[in-house]
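Undergrad: Before I ask anything, here is the structure I am working with.
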Amino acid sequence: IIFGSFYLQPSYNPLESLCELTSLITNSLKESILCCSNFERENEKLKSLADMSVKKYEEVVSQIDDKEIVLLSKFSAVLNEKKRKCPTYALSEVDKTSEKLSLQEDLDDLIPSKNRRKSKPVIGRRN
79 IIFGSFYLQP
89 SYNPLESLCE
99 LTSLITNSLK
109 ESILCCSNFE
119 RENEKLKSLA
129 DMSVKKYEEV
139 VSQIDDKEIV
149 LLSKFSAVLN
159 EKKRKCPTYA
169 LSEVDKTSEK
179 LSLQEDLDDL
189 IPSKNRRKSK
199 PVIGRRN
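This is the structure:
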């Protein structure tokens, strides 16, 4: 006789069949309880691993944020220093360029100087 997931041998004594059925149900229930408790333990382990992973992730994110703040502050300090030097550098380049132009004008006879006192006659006048 098949009774759900239990297989019972045919017998003429109903009490014997009931005892056998009860023992099968009890064994099945014990297996189910054991399996359920194993699942609960495994579930608790997984929850603790998940909690540890979340904590570790938050620590890593916090460390990266701290490093990012340090890097950004260093970058902004360097950038601000470069910004302060740019006008000075630009002025020194303008001075160097104007000095080069004045030296070049002194050496070149064909280009009239912007300064009229220094200008050399390119073509002489014939009187």
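As numbered in this note's numbering, residues 79 to 205 make up the sequence shown, in order.
Built from N, CA and C at the ideal position, the CB exists for glycine as well.
Determine, using beta carbons only, whether S89 and S95 come nearer to each other than 8 angstroms.
TA: Judged by beta-carbon spacing, S95 lies within the 8 angstroms limit of S89, meaning their Cβ atoms are closer than that value.
Undergrad: Roughly how many angstroms separate the alpha carbons of S151 and L157, rounded to a whole number?
TA: 10 angstroms
Undergrad: Helix, strand or coil for Y85 per DSSP?
TA: strand
Undergrad: Is there at least one Cβ from chain D nearer than 8 angstroms to E94's Cβ?
TA: Absent from the structure is chain D; it holds one protein chain and no more.
Undergrad: Here's a check: name, in chain order, each residue in its chain whose Cβ is nearer than 7 angstroms to the Cβ of N116, leaving out the five neighbours to either side.
TA: none
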